[in-house]
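Residue numbers (our numbering): 8 to 426.
Idealized CB from N, CA, C, for every residue including glycine.
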Amino acid sequence: MTMADADLASLVARVVDETPAFDMHTHLFAPEMGSLLLCGADEALNFHYLVSESFRVHHMPYHEFWGLSKAQRAEVVWNSLFRDTSPVSEAASGVVEIARAMGCDTGRLTLTALREALSDVPTAEYISRIMNLANVTHIVMTNDPFDDQETAFWSEMGGMDKRFLASLRLDKLMNQYSSVVPVLIAKGYEVDESLSGRSVVELRRFLEDCADAVHPLYVAFSTADDFVYPEPDGVRGRILKEVVLPFCRERGLPLSLMMGARRQVNPALRAAGDSLANAPVRPLESLCADYPDNRFLVSMLARENQHALVVAARKFHNLMPFGCWWFVNTDTLVEEIIRMRLELLGPTFIAQHSDARVLEHLIYKWQRARRVLTRVLADKYENLQSSGWLVTEDVIRRDVEQLFSGNFRQFVGLAESSG
Ligand code: RAT
Ligand code: ZN
């Protein structure tokens, strides 16, 4: 039976809200990893997205800002983005959404009230509350083998909160190889800068050891616009071809490429100083063609690259576009990207990831993703219905489940019942 458009739209909204999400890329950590799991108002306000926006308002010298304590920086950000201007940006309005979900009176929101409503301590109960509000079942961490603070916990990872799963992030190995050579040598791996002798075998052993420690769902690295493939003579090209791709193939792990991040354009902004680049898609197509037995999860940062990425995914089934990342994670661009992907790929991609750095980010990032997906899907189902196609609740549930969790689970080989 055909539904009225308004009924169909509210059914889609309900199903999208009720469908749990598998958050396949975040910067959150299991609670057992101590201070690495950030939460609370001061952390939320120190989010680098907000820090960079605040400089447009307060114009404080960088050294002065970074010389403040975290709580003082939170105050500067608060005053700039919530007192002296209106919090209409994506990241600033996200704080208002978090506050509302946590029970604050957002009509009269103060920093004190926000600090009271959000906890600085991620107790098991608090984590469950936030995950329930966001309707997220699993959180994939970004695990850096060259971060000592993090690797100190790796041997205990097996016994940690099962909702937190690992991914192996190899930016330093792939983008700054010479800087990690001494670290690898100190850890007992026989490598050198020119990849001679036993280097390749030893890098492979390093990856095996990392994977044995954290059991990642995928391996990842980000690239700027300088990523080339094939790159027969370059060190990165050789590590990719001789170490990372065979390792991923043999362990059955997808490789996630986050393309178009131009790092440290303004180092004075620290973590907020990265920008974007229009990255060529041809190297990606060549990789997918040359390595049909490897699987590639790909997100691109520049709006200009989204169309080419979707077209590439039509050509290569070992390519899975995921999420709307960082500078394209805004209402307008997420809608454009999801619409484009649905129109060219059907529901065969990963609709969104949160990229949360602070636990409470899960709330607004997923509320937004759900609102946009509802708008786009309602529109698509209305069109289908008007062509006589039967759109039922079961059909909607199946599609949303695939977009929020099933496509990712299937791509990484995670059975429905496990994890
Ligand atoms: O979105 C972000 O928080 C960025 O700082 C990056 O960490 C990005 O998401 C990445 O994973 O490289
Ligand atoms: Zn990220």
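If you draw a straight line from the Cα of Ser203 to the Cα of Leu210, it is about 11 Å long. For Ala268, the secondary structure class from DSSP, reduced to helix, strand or coil, is strand.
If you ignore the 5 residues before and after Val23, its C-beta comes within less than 6 Å of the C-beta of Arg377, Leu380, Thr381 and Val407, all in its own chain and listed in chain order. Lys179 is positioned such that its CB atom lies no closer than 7 Å to that of Phe160.
Assignment of Arg302 by DSSP, reduced to helix, strand and coil, places it in the coil class. Residue pairing by DSSP places His145 opposite Phe29 in a beta bridge.
The Cβ-Cβ distance between Gln392 and Val398 falls below 7 Å.
Within 6 Å of the C-beta of Asp154 there is not a single heavy atom belonging to the ligand ZN.
In the DSSP assignment, Phe228 falls within the unbroken beta strand (DSSP E) covering Val226 to Thr230. Taking C-beta atoms as the reference points, Ala275 and Tyr69 count as a pair closer than 7 Å. Only residues of its own chain outside the window of five on either side were considered, and among them Leu35, Leu44, Leu45, Cys46, Pro129, Ile134 and Ile137 have a CB closer than 7 Å to the CB of Leu366, listed in chain order.
DSSP places Met347 inside the alpha helix (DSSP H), whose first and last residues are Asp338 to Leu352.
At the C-beta level, Val288 and Ala319 come within 7 Å of one another. Taking 6 Å as the cut-off, the C-beta of Asp362 counts as close to a heavy atom of the ligand RAT. If the five residues before and after Ala173 are omitted, its C-beta is found closer than 8 Å to the C-beta atoms of Val147, Met148, Asn150, Met164, Val221, His222, Pro223 and Leu224, all from its own chain and listed in chain order. Under the three-state reduction of DSSP, Leu210 is assigned to helix.
The alpha-carbon separation between Val187 and Arg205 amounts to approximately 16 Å.
Beta-bridge partners assigned by DSSP to Val365: Leu45. Between Asp30 and His368, the gap from beta carbon to beta carbon reaches 7 Å or more.
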